[in-house]
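Chains A and B, in that order, are what the protein sequence lines are. Residue 240 in this note's numbering sits at position 180 of the first sequence, and the numbers go up by one each step. Residue 186 in this note's numbering sits at position 164 of the second sequence, and the numbers go up by one each step. Note that CB positions come from ideal geometry on N, CA and C, so glycine has one too. Remember, it's a predicted structure, so these values are computed and weren't measured experimentally.
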Amino acid sequence: MLTAASTDGQIVAACRAGDQDAWRALIARFDRYILGIIRHGYRVPEQDAEDVFQEIFVKAYRRLDDLRSDDAIGPWLAGIARHTCLSRMRTRIAEPAEHVDHPSDADAGMDLVERAMDVDAALQQLPEACREILERFFRLEQPYSQIAQELSLPPGTVASRISRCLSRLRAELEGRDQPVGASGQTS
Amino acid sequence: MDIEQLIERLAGSDPTPAAGTAAATVLDMALALSTKAVIRTSDAGPTGALAAQIAALRRRLATDGERVELTYAAALAALATGERVSIGEHVGEALDALLVLAGSATDVAELARTVADSCAPVARPDAASAAILAAAAAAVAAHLAGLNLLAPIDERAARARSLATAAQASAAAALAP
Numbered sequence: 061m062l063t064a065a066s067t068d069g070q071i072v073a074a075c076r077a078g079d080q081d082a083w084r085a086l087i088a089r090f091d092r093y094i095l096g097i098i099r100h101g102y103r104v105p106e107q108d109a110e111d112v113f114q115e116i117f118v119k120a121y122r123r124l125d126d127l128r129s130d131d132a133i134g135p136w137l138a139g140i141a142r143h144t145c146l147s148r149m150r151t152r153i154a155e156p157a158e159h160v161d162h163p164s165d166a167d168a169g170m171d172l173v174e175r176a177m178d179v180d181a182a183l184q185q186l187p188e189a190c191r192e193i194l195e196r197f198f199r200l201e202q203p204y205s206q207i208a209q210e211l212s213l214p215p216g217t218v219a220s221r222i223s224r225c226l227s228r229l230r231a232e233l234e235g236r237d238q239p240v241g242a243s244g245q246t247s
Numbered sequence: 023m024d025i026e027q028l029i030e031r032l033a034g035s036d037p038t039p040a041a042g043t044a045a046a047t048v049l050d051m052a053l054a055l056s057t058k059a060v061i062r063t064s065d066a067g068p069t070g071a072l073a074a075q076i077a078a079l080r081r082r083l084a085t086d087g088e089r090v091e092l093t094y095a096a097a098l099a100a101l102a103t104g105e106r107v108s109i110g111e112h113v114g115e116a117l118d119a120l121l122v123l124a125g126s127a128t129d130v131a132e133l134a135r136t137v138a139d140s141c142a143p144v145a146r147p148d149a150a151s152a153a154i155l156a157a158a159a160a161a162v163a164a165h166l167a168g169l170n171l172l173a174p175i176d177e178r179a180a181r182a183r184s185l186a187t188a189a190q191a192s193a194a195a196a197l198a199p
């Protein structure tokens, strides 16, 4: 019997066992988190947000066997959400030209998507703790106090941790932007 | 609305804009001072990265003050109708908006303290002042929440007070030598 006190791992284990109530519990536990990524992180238009939300959980349902650690369900769902949102952005921008006011709008939109994909790829190279804190602050727009409480961080350290993680993200992105020389080394 | 117009309207007889907008404007100024401190530090590393957090908080703050005023006006209108359900709903929304403003102010105070801790000495007074301004805005939000009709029975008013206390602690830390 799942309750509000059940761990993420217990809920996922019940999902794996085919318990439909467990799936409802999983969605209830993560719906705000995932909707936060959809709406705040990727600014998916409201008319698309519900579809994207459903698509994410359909993927999760089909791919649950790919999840290696049941306790890591949150970051795993967030990863599916990021890819689904990016895919939706690409689809919208690739729509026929008559839906685009100016050709340059489509180019600018595609540049944005490519930049978002670069950032997403760079994020994947950061330690999990960095990914988590950046996602909570910038995508979910959580206040410092909530981040400190939920990640068990000492009060007064969150802003500086975010800064350090951003510096690492910037270094990762700059490394990606370096041109590759004839020797295969970045300049 | 530019600052002159805002001050004119704050001094006017209309119920809004009022303290909520004033507090949000003060928070914007606190973020501007924090930005100045970061820029004057000229650090491309962690201190420079604080600018991204300032920008993020500024985006969140953009609607906080207006939301306080709109929900306050809606609560006043509901009170005028005397309809209990409508009053409960709108007074609750007004309290929620104040709690959000208090939360933003607390984050701004904490960020300003972090800037004060890491910025160049020449920029520290601006960052510390930003923390003080943000703590004042948090106190305003908590004060207004305490006046809300639901305050005696709603834990959100107590949470707003708690946030204001946290903001005050950040400001005190920013002033510490």
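Taking a cut-off of 8 Å for Cβ pairs, the region 99–114 of chain B and the region 65–80 of chain B do not touch, as fewer than three such pairs fall below it. For Glu232 (chain A), the CB contacts under 6 Å within the same chain, skipping 5 residues up- and downstream, are Ala182 and Gln185 in chain order.
Chain-order list of chain A residues neighbouring Gly168 (chain B): empty, with the shortest C-beta distance near 20 Å, by a criterion of under 7 Å. Sequence-distant partners of Ala161 (chain B) (beyond 5 residues in either direction) whose C-beta falls short of 8 Å from its own C-beta, in its chain, are Ala186, Ala189 and Gln190. Counted as a single uninterrupted DSSP element, the alpha helix (DSSP H) harbouring Ile76 (chain B) occupies residues Pro68 to Leu83. A Cβ-Cβ distance of about 6 Å is found for the pair Ala109 (chain A) and Arg99 (chain A), placing them in contact under the 8 Å criterion.
Apart from the 5 residues on each side of it in sequence, Ala131 (chain B) sits with its Cβ closer than 7 Å to the Cβ of Ala153, Ala156, Ala157, Ala160, Ala189, Ser192 and Ala193 in its chain, given in chain order. For Gln75 (chain B), a Cβ of chain A is located within less than 8 Å of the residue's own Cβ. A contact is defined here as three or more CB-CB pairs under 8 Å, and the region 79–90 of chain B meets this definition with respect to the region 28–46 of chain B. Annotation: the continuous alpha helix (DSSP H) that includes Tyr93 (chain A) extends over Gln80 to Gly96. Here Tyr204 (chain A) is actually not in contact with Asp118 (chain B); their C-beta atoms are around 20 Å apart, not less than 8 Å.
Taking all protein chains shown into account, Met149 (chain A) has 16 or more neighbouring C-beta atoms within 10 Å of its C-beta and is therefore buried.
For Gly114 (chain B), the closest alpha carbon among the candidates B:Ile61, B:Leu92 and B:Ala127 is that of B:Leu92.
By the rule that beta-carbons nearer than 8 Å mark a contact, Gly67 (chain B) touches chain A. Take the alpha-carbon of Gly216 (chain A) and the one of Phe198 (chain A): they are about 18 Å apart.
A direct Cα-to-Cα measurement between Glu106 (chain A) and Arg92 (chain A) gives close to 14 Å. If you ignore the 5 residues before and after Leu72 (chain B), its C-beta comes within less than 6 Å of the C-beta of Val60 and Val137, all in its own chain and listed in chain order.
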